[in-house]
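S.K.:
Residue numbers (mature numbering (1 follows the signal peptide of the UniProt record, and there is no 0)): -20 to -1, 1 to 302.
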């Protein structure tokens, strides 16, 4: 009888805990790649808080398209994009909630906007990724890759799908104009698809060089033994904070704020660096990739870039389709 009572008590406690966890509700988060990072963040947050995480994962373009279709019946609580300029567009259209997250005392300067609506909890940069079986060494600047030595051997991710590439294109054009991209297109540059397809093209040797490829993909592939290398051209690239944003229409506002707090936690930031992304806090150490200080950067005017980014991305596809 005593054992039965103990068993029943244990069962009651377990059921009570389960109901308590479910009472904490859900948070719906839209996240870009890398998928492994998104899954780990969701699982760890759920384990720590008891709040169920429902995710949609896709490219920046896919996430924005989904948000558009859900306008009448909002679903997302937190949206993470791979494009700071697209985040600014969402802010300017009044879609975002202002909030001051926990754990941001050491946030990278400039990676949280002045109105505290865009939270750059991580970042990527784009560089030149090349197949070392085709080019054992390469350090050409962006414009130099329009040389005939690379004719029909250059690819670029589709900037209408890749947020990081989109921001690079608008940043480069804002700083230097269109001459380089026009010359690259004239030299046979192709657009194989979004980041994954574009990287696959250079990994398989379909092309020897990928420009504006996201760096975390390259570091991950190199670690797994693929014949690739990456560098950042000397004239500079765009380091792109990946904004996490709380939607004003969030069905679960408190849980949305808790998730953004979590993104700046020690554990979440460690997962960020393990995924070869730049961390959103200056006090997080990492040695598996180039540091922020080691990357030559184009000076970004994000407002000016935002104004041209959609048209600039479309023009890349038009140039390469000729």
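For each residue, glycine too, the CB sits at the ideal point set by N, CA and C.
If residue 11 sits next to residue 35, beta carbons under 8 Å apart, how far is it from one beta carbon to the other, in whole angstroms?
M.R.: Here residue 11 refers to the residue found at position 31 of the chain shown. Here residue 35 refers to the residue found at position 55 of the chain shown. That belief holds up - the Cβ atoms of residue 11 and residue 35 are roughly 6 Å apart, short of 8 Å.
S.K.: For the 8 Å Cβ check, are there 3 or more pairs between the region 66 to 74 and the region 242 to 253?
M.R.: no
S.K.: Within this structure, are the beta carbons of residue 207 and residue 112 separated by less than 8 Å?
M.R.: On the chain shown, position 227 is the one that residue 207 refers to. On the chain shown, position 132 is the one that residue 112 refers to. Yes. Within cutoff.
S.K.: Shortest alpha-carbon distance to residue 279 belongs to which of 125, 155 and 101?
M.R.: On the chain shown, residue 279 is found 299 positions in, with the first residue counted as 1. The option with the nearest alpha carbon to residue 279 is 155.
S.K.: What does the alpha-carbon distance come out to for the pair residue 58 and residue 99?
M.R.: The sequence position of residue 58 within the chain shown is 78, counting from 1. The sequence position of residue 99 within the chain shown is 119, counting from 1. If you take the alpha carbons of residue 58 and residue 99, they lie about 11 Å apart.
S.K.: Do residue 65 and residue 195 come within 8 Å of each other at the CB atom, strictly closer than that value?
M.R.: As a position in the chain shown, residue 195 is number 215, starting the count at 1. As a position in the chain shown, residue 65 is number 85, starting the count at 1. Remark: C-beta atoms of residue 195 and residue 65 do not approach each other more closely than 8 Å.
S.K.: What residues in its chain sit with their C-beta under 6 Å from that of residue 20, if we drop five residues either side in the sequence?
M.R.: By one-based count along the chain shown, residue 20 stands at place 40. The answer, listed in chain order, is 251.
S.K.: Use the C-beta contact count for residue 186: other C-beta atoms within 10 angstroms, 16 or more gives buried, fewer gives exposed.
M.R.: As a first step, residue 186 must be located in the chain shown, where it is residue number 206. The residue in question, residue 186, is exposed, as its Cβ has fewer than 16 Cβ neighbours within 10 Å.
S.K.: Are there 16 or more other CB atoms within 10 angstroms of the CB of residue 175, so buried, or fewer, so exposed?
M.R.: Within the chain shown, the letter at position 195 stands for residue 175. By the neighbour-count rule (16 or more Cβ atoms within 10 Å), residue 175 is buried.
S.K.: Taking all protein chains shown into account, decide if residue 2 is buried (16 or more other Cβ within 10 angstroms of its Cβ) or exposed.
M.R.: In the chain shown, residue 2 corresponds to position 22, counting from 1. Residue placement at residue 2 is flagged as unreliable, the pLDDT there being 44, under the threshold of 50; a coordinate-derived value is accordingly withheld.
S.K.: Over the uninterrupted beta strand (DSSP E) stretch that includes residue 35, give me the two end residues.
M.R.: On the chain shown, position 55 is the one that residue 35 refers to. Run containing residue 35: 32 to 37, per the beta strand (DSSP E) assignment.
S.K.: Reducing DSSP to helix, strand and coil, say where residue 285 ends up.
M.R.: The sequence position of residue 285 within the chain shown is 305, counting from 1. Helix, per DSSP.
S.K.: For residue 267, does the three-state DSSP call read helix, strand or coil?
M.R.: Residue 267 sits at position 287 when you count from the first residue of the chain shown. Looking at residue 267 - three-state DSSP - the assignment turns out to be coil, as it is neither helix nor strand.
S.K.: Indicate whether the contact test is met: 3 or more Cβ pairs, each with one atom in the region 265 to 273 and one in the region 137 to 147, closer than 8 Å.
M.R.: Contact between the region 265 to 273 and the region 137 to 147 is absent, because fewer than three Cβ pairs lie under 8 Å.
S.K.: For residue 182, does the three-state DSSP call read helix, strand or coil?
M.R.: Stepping through the chain shown from its first residue, residue 182 is reached at position 202. Collapsing the DSSP output to three states places residue 182 in a helix.
S.K.: Following the continuous alpha helix (DSSP H) through residue 104, name the residue where it begins and the one where it ends.
M.R.: Stepping through the chain shown from its first residue, residue 104 is reached at position 124. Segment 99 to 111 is the beta strand (DSSP E) holding residue 104; no alpha helix (DSSP H) there.
S.K.: Please state the DSSP three-state secondary structure of residue 16.
M.R.: For the purposes of this step, residue 16 is taken as the residue at position 36 of the chain shown. In this structure, residue 16 counts as helix in the three-state DSSP scheme.
S.K.: Would you check if the distance between the CB atom of residue 181 and the CB atom of residue 224 is smaller than 8 Å?
M.R.: Indexing the chain shown from 1 puts residue 181 at position 201. Indexing the chain shown from 1 puts residue 224 at position 244. Contact flag unset, no.
S.K.: Residue 149: which of 289, 300 and 6 sits nearest, CA to CA?
M.R.: In the chain shown, residue 149 corresponds to position 169, counting from 1. Here the closest residue by C-alpha is 289.
S.K.: Between 101, 139, 282 and 169, which has its C-alpha nearest residue 122's C-alpha?
M.R.: For the purposes of this step, residue 122 is identified with residue 142 of the chain shown, where counting begins at 1. The candidate whose alpha carbon is nearest that of residue 122 is 169.
S.K.: With 16 as the cutoff for other CB atoms within 10 Å, does residue 286 come out buried or exposed?
M.R.: As a position in the chain shown, residue 286 is number 306, starting the count at 1. That one is buried.
S.K.: In the DSSP assignment, what residue or residues form a beta bridge with residue 171?
M.R.: Along the chain shown, read from residue 1 onward, the residue named residue 171 stands at position 191. Partner(s): none; residue 171 has no beta bridge.
S.K.: Which word fits residue 80, buried or exposed, when buried means at least 16 other C-beta atoms lie within 10 angstroms of its C-beta?
M.R.: Looking up residue 80 in the chain shown gives position 100. Counting Cβ neighbours within 10 Å, residue 80 comes out exposed, since fewer than 16 surround it.
S.K.: Less than 8 Å between the C-beta atoms of residue 138 and residue 193, yes or no?
M.R.: Position 158 of the chain shown, counted from the first residue, corresponds to residue 138. Position 213 of the chain shown, counted from the first residue, corresponds to residue 193. No, Cβ-Cβ distance for residue 138 and residue 193 is not below 8 Å.
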